[in-house]
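J.: One structure follows; several queries about it will come next.
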Amino acid sequence: MTLETIESEIEANVPGCVLEIVSNPSPSGQHSLRIDPAHAVAIATFLRDAEPLRLDYCSNVTGVDWPGKEISEKVKIKKLVDGVEQEVEEVRKTQTLGHLEVVYHLYSMEKKHGPVILRMSTEDRADRVHLPSLTPVWRSAEFQEREIFDLYGVIFDGHPDLRRILMWDGFQDHPMRRDYVEPDDFEYEPTPHDEVLERARQHRTIMGVQ
Amino acid sequence: MDENLKSELRKQGIVATTLQELYNWGRKNSLWPLNFGLACCAIEMIAASMARYDMARFGAEVFRPSPRQADLMIVAGTVTKKMAPQVVRLYNQMAEPKYVISMGACAISGGPFKQGYNVLKGIDRYIPVDVYIPGCPPRPEALIDALMTLQKMIDRQPLTGPDRPRHLQADAPSEFIVPEFGAHDLDPSQNPEVWQAPLVNISLAGTDDAGND
Amino acid sequence: MTNSPYLPVIVLLLAAVAFAVGPLALAWVWAWKFSPRKPGPSKNAIYECGLESKGDAWVQFHPGYYLYAIIFLVFDVEAVFLLPFAVAFTGLTLGAGIAMLVFLLLLVEGLVWAWQKNVLIWS
């Protein structure tokens with residue numbers, strides 16, 4: 029069953045859902061389906077229970093961090109230059125918010141097909157990081173969603189036991205985010221280079237050594 | 324006593340020794356390790372204690388499940404930051420004299436996980452380590468070599484004088500700071516009494532003779 | 006006194022006590038002379054596999070353990086009695102068989118009683 033037919037099946041059975049096929053240009057060609065968080069549980073339940081699919085096994089849940097980036101675009105605007113109206117090109121820079129993404133890999137043990145890949149995105153990376161938990165649908169997602177909560181900071185609503193799983197409870201950072209700043213664990217190597225050399229320099233300034 | 328005379332007497336069936344030698348001989352041949360493992364190095368440690376490599380030949384076969392009865396802590400494997408306080412506390416709970424073998428790349432420096440966010444970059448940041456064994460994981464022969472190195476170290480320790488081992492000095496510490504879980508890292512991130520980061524000479528970075536300054 | 010037959014026994018007894026106490030006393034003298042005591046809060050804490058110790062080492066156990074242990078013991082002892090009975094079974098009279106049956110029934114009655122009292126349900 030192709031992803032297009034799965035998409036139309038879901039659209040026919042879960043009213044109001046917003047779906048988008050994210051194509052993967054690499055040789056593996058594992059295209060995925062972006063689902064909207066509001067209908068995620070209904071879609072997941074449909075995928076698990078509906079007869080042609082029966083995706084009863086969630087093998088893997090992963091997080092992806094998409095940091096915000098600066099997009100610069102050239103805009104033509106009309107401006108008064110020396111009293112004459114002229115068309116001037118201006119570079120306008122906008123900062124995107126970025127988002128966190130969660131990827132589910134689904135298989136069917138019964139029908140022996142798969143994977144079907146689902147994606148869900150949060151609105152931004154700061155405080156609107158809530159996503160519905162799919163643990164009530166697939167129990168195997170429990171620990172992996174906890175891991176994503178721990179390492180990326182996605183808050184899964186409806187998760188039965190959302191605690192940190194790898195780091196301790198008082199830990200405040202999310203180490204797998206791209207803007208994570210490691211503590212000053214000085215990397216002492218006799219021949220530092222590249223990033224390690226840069227960190228060694230920073231450490232020396234912190235320690236007050238020239 | 325003269326060494327020649329001693330060996331001459333020994334040939335005649337008379338063993339002459341000093342109290343210090345007798346004491347160290349007893350201690351070095353009854354090093355009981357603490358029975359715990361942290362990662363894959365522990366499998367090699369188990370192999371070293373079993374029949375093929377047979378650590379029992381060196382008096383170290385009795386792996387004790389309680390730190391109260393153990394003399395030797397073999398830190399066998401990756402010490403994660405979440406595990407580090409427990410390891411330090413176990414070391415604190417061991418009775419003196421106590422020794423530490425840091426087994427494998429991870430326990431020495433973090434090893435392949437050195438750049439990771441959750442791995443302690445060497446257990447020597449918190450407790451004094453006597454013998455380091457490199458390897459990932461080290462073979463059982465390497466562990467036996469470390470044990471023999473430790474035995475030689477114990478054999479050289481004087482009973483009196485300023486060089487006497489830590490357990491014979493009244494003011495030397497027996498407990499070390501147990502790190503606590505902080506908001507971003509372990510607190511403190513190292514015990515400055517035990518370990519300080521060697522500073523790398525950056526001006527020489529990239530050349531072969533860049534070393535510690 | 007010198008001819009007392011108990012003399013060697015007393016001598017051996019003293020030697021045995023000295024053998025046991027001597028090394029301990031030596032170790033104590035050695036520790037007193039050389040090794041200073043170094044107690045500490047972490048060292049004296051209750052051993053909990055390295056975790057921070059909470060509470061006391063003296064803890065109460067669920068009474069269900071004792072009831073289980075007693076019922077187990079009853080049937081363990083029953084097996085001990087049954088074994089010689091089973092070995093000599095062919096040479097025994099009808100009376101012995103009935104006596105054994107009564108013994109078994111008494112024990113089964115105890116089991117039924119425990120069952121009625123919900124002892125077998127772990128809660």
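Heads up: the protein sequence lines correspond to chains A, B and C, in order.
Under this note's numbering, the very last position in the first sequence is 238; numbers go up by exactly one each time.
Under this note's numbering, the very last position in the second sequence is 536; numbers go up by exactly one each time.
Under this note's numbering, the very last position in the third sequence is 128; numbers go up by exactly one each time.
Beta carbons: idealized from backbone N, C-alpha and C, even for Gly.
#1: Label tyrosine 70 of chain C either buried or exposed according to how many other C-beta atoms from any shown protein chain fall within 10 Å of its C-beta, with 16 as the threshold for buried.
#2: Which residues, in order along the segment 479-495 of chain B, keep a beta-carbon less than 9 Å from a beta-carbon of chain C?
#3: Less than 8 Å between CB atoms is the rule here; does valine 442 of chain B satisfy it with respect to chain C?
#4: With C-beta atoms as the reference, is glycine 19 of chain A less than 8 Å away from glycine 91 of chain A?
#5: If you scan the segment 360-432 of chain B from start to end, which runs of the beta strand (DSSP E) of 3 or more residues do you find wholly inside it?
#6: Could you name the residues of chain A that phenylalanine 504 of chain B contacts, counting a contact when the two beta carbons are closer than 9 Å?
#7: Return the chain-ordered list of same chain residues with a C-beta closer than 6 Å to the C-beta of leucine 443 of chain B, the five sequence neighbours on each side being excluded.
#8: Between tyrosine 52 of chain C and chain B, is there a C-beta pair that is closer than 8 Å?
#9: Per DSSP, what are the beta-bridge partners of glutamate 32 of chain A in this structure?
#10: If you count every other CB in all the chains shown that lies within 10 Å of the CB of glutamine 15 of chain A, and 16 or more means buried, which is it?
#11: Methionine 148 of chain A by DSSP, collapsed to three states: which one?
#12: Look at the alpha carbon of glutamine 343 of chain B and the alpha carbon of valine 22 of chain C, and state the distance between them as a whole number of angstroms.
#13: Can you look up serine 330 of chain B in the DSSP assignment and give me helix, strand or coil?
#14: List the DSSP bridge partners of glycine 126 of chain A.
#15: Find the residues of chain B that neighbour aspartate 64 of chain A, judging by a C-beta separation of less than 8 Å, and give them in chain order.
#16: Which same chain residues end up closer than 6 Å to lysine 139 of chain A when comparing Cβ atoms and leaving out the 5 residues on each side of it in sequence?
#17: Determine the chain B residues that contact leucine 56 of chain C at a beta-carbon separation under 8 Å, and present them in chain order.
#18: For leucine 491 of chain B, tell me which candidate among B/Glu498, B/Phe499 and B/Leu482 has the shortest Cα-Cα distance.
#19: Taking the alpha-carbon positions, what's the proline 46 of chain C to valine 423 of chain B distance?
#20: Along the chain, which unbroken stretches of the alpha helix (DSSP H) at least 4 residues long are found entirely within the segment 433-467 of chain B?
#21: Got a sec? Which residues, its chain only, sit under 7 Å from valine 79 of chain C by beta carbon, not counting five neighbours each side?
#22: Taking only beta-carbon atoms, is asparagine 535 of chain B less than 8 Å away from chain C?
#23: Mind checking whether valine 165 of chain A and arginine 147 of chain A have CB atoms under 8 Å apart?
#24: Using the Cα positions of phenylalanine 108 of chain C and phenylalanine 66 of chain C, report the straight-line distance between them to the nearest angstrom.
#25: Measuring only between beta-carbons, confirm whether glycine 45 of chain C sits less than 8 Å from chain B.
#26: If you reduce the DSSP assignment to three classes, tell me which class histidine 276 of chain A lands in.
#27: Confirm, please, whether the CB-CB distance from glutamate 115 of chain A to lysine 104 of chain A is below 8 Å.
#28: According to DSSP, is leucine 159 of chain A helix, strand or coil?
#29: Along chain A, which residues have their Cβ under 7 Å away from the Cβ of aspartate 508 of chain B?
#30: What are the residues in the segment 22-45 of chain C lying within 7 Å of chain B by C-beta distance?
#31: Mapping the DSSP letters down to three states, classify aspartate 136 of chain C as helix, strand or coil.
#32: Quick check on the burial criterion: 16 or more other C-beta atoms within 10 angstroms. Buried or exposed for aspartate 155 of chain A?
#33: Find the residues of chain B that neighbour lysine 48 of chain C, judging by a C-beta separation of less than 7 Å, and give them in chain order.
#34: Mind checking leucine 108 of chain A: buried by the 16 CB within 10 Å criterion, or exposed?
#35: Rounded to whole angstroms, what's the CA-CA distance from valine 501 of chain B to glutamate 39 of chain A? Just pull it up for me.
#36: Is it the case that the segment 387-397 of chain B contacts the segment 324-339 of chain B, given that we only count it when at least three CB pairs across the two stretches are under 8 Å?
T.: Looking at the coordinates:
#1: Taking the first residue of the third sequence as position 1, residue 70 of chain C is located at position 65. When all chains shown are included, tyrosine 70 of chain C counts as exposed.
#2: Leu482, Thr483, Arg487, His490, Leu491, Gln492, Ala493, Asp494 and Ala495
#3: As a position in the second sequence, residue 442 of chain B is number 119, starting the count at 1. By this cut-off, valine 442 of chain B is not an interface position.
#4: Any property of residue 19 of chain A remains undetermined from this structure, which presents chain A solely from 29 to 238.
#5: 395-399 and 422-426
#6: The count along the second sequence starts at 1 and reaches residue 504 of chain B at position 181. Residues of chain A passing the Cβ test: Met195, Trp196, Asp197, Gly198 and Phe199.
#7: Numbered from its first residue, the second sequence carries residue 443 of chain B at position 120. Answer for leucine 443 of chain B: Val402, Lys404 and Ala407, listed in chain order.
#8: As a position in the third sequence, residue 52 of chain C is number 47, starting the count at 1. Taking Cβ atoms only, chain B reaches closer than 8 Å to tyrosine 52 of chain C, which makes this a yes.
#9: Position 4 of the first sequence, counted from the first residue, corresponds to residue 32 of chain A. DSSP lists no partner for glutamate 32 of chain A.
#10: Any question about residue 15 of chain A goes unanswered here, given that chain A covers just 29 to 238.
#11: As a working note, residue 148 of chain A is residue 120 in the first sequence. In the structure shown, methionine 148 of chain A sits in a strand (DSSP, three-state: E or B).
#12: Taking the second sequence and counting its residues from 1, the one referred to as residue 343 of chain B is at position 20. Taking the third sequence and counting its residues from 1, the one referred to as residue 22 of chain C is at position 17. Spanning the two alpha carbons is a distance of roughly 27 Å.
#13: Here the question's residue 330 of chain B lines up with position 7 in the second sequence. Residue state, collapsed to three classes: helix.
#14: The sequence position of residue 126 of chain A within the first sequence is 98, counting from 1. DSSP, once it has assigned bridges, lists A/Pro95 as partnering glycine 126 of chain A.
#15: Taking the first sequence and counting its residues from 1, one reaches residue 64 of chain A at position 36. Here the premise fails: no neighbours, minimum Cβ distance about 32 Å.
#16: Your numbering for residue 139 of chain A matches position 111 in the first sequence. Here the set comprises Arg82.
#17: Taking the third sequence and counting its residues from 1, the one referred to as residue 56 of chain C is at position 51. The answer, in chain order, is Gln409 and Arg412.
#18: Here the question's residue 491 of chain B lines up with position 168 in the second sequence. Of the listed residues, the one whose Cα sits closest to leucine 491 of chain B is B/Leu482.
#19: Counting from one through the third sequence, the residue named residue 46 of chain C turns up at place 41. Counting from one through the second sequence, the residue named residue 423 of chain B turns up at place 100. Taking the straight line joining both Cα atoms gives about 21 Å.
#20: none
#21: In the third sequence, counting from the first residue as 1, residue 79 of chain C sits at position 74. Closer than 7 Å at the Cβ level, and outside the excluded window around valine 79 of chain C, lie Leu112 and Gly115.
#22: Within the second sequence, numbered from 1, the residue matching residue 535 of chain B stands at position 212. Here the model assigns asparagine 535 of chain B a pLDDT of 48, short of 50, so the residue's position is not dependable, and the following value carries that caveat. Cβ-Cβ to chain C under 8 Å: no for asparagine 535 of chain B.
#23: Residue 165 of chain A sits at position 137 when you count from the first residue of the first sequence. Residue 147 of chain A sits at position 119 when you count from the first residue of the first sequence. The answer is no: Cβ separation not under 8 Å.
#24: By one-based count along the third sequence, residue 108 of chain C stands at place 103. By one-based count along the third sequence, residue 66 of chain C stands at place 61. So the two alpha carbons sit approximately 32 Å from each other.
#25: In the third sequence, residue 45 of chain C corresponds to position 40, counting from 1. Cβ-Cβ to chain B under 8 Å: yes for glycine 45 of chain C.
#26: Here chain A covers residues 29 to 238 and nothing more, so residue 276 of chain A does not appear.
#27: Mapped onto the first sequence, residue 104 of chain A falls at position 76. Mapped onto the first sequence, residue 115 of chain A falls at position 87. Contact flag set, yes.
#28: Within the first sequence, numbered from 1, the residue matching residue 159 of chain A stands at position 131. Of the three classes helix, strand and coil, the one that applies to leucine 159 of chain A here is strand, per DSSP.
#29: Within the second sequence, residue 508 of chain B is the residue found at index 185, counting from 1. The contacting residues are Pro211.
#30: Phe39, Ser40, Pro41, Lys43 and Gly45
#31: Nothing about residue 136 of chain C can be read from this structure; chain C reaches only from 6 to 128.
#32: Counting from 1 along the first sequence, the entry for residue 155 of chain A is found at position 127. Answer is exposed; the Cβ neighbour count stays below 16.
#33: Taking the first residue of the third sequence as position 1, residue 48 of chain C is located at position 43. Under the 7 Å cutoff, chain B gives Asn415, Gln416, Ser497 and Glu498.
#34: On the first sequence, position 80 is the one that residue 108 of chain A refers to. Exposed: under 16 other Cβ atoms inside 10 Å.
#35: For this step, residue 501 of chain B is matched to residue 178 along the second sequence. For this step, residue 39 of chain A is matched to residue 11 along the first sequence. In a straight line, the C-alpha of valine 501 of chain B is about 57 Å away from that of glutamate 39 of chain A.
#36: no
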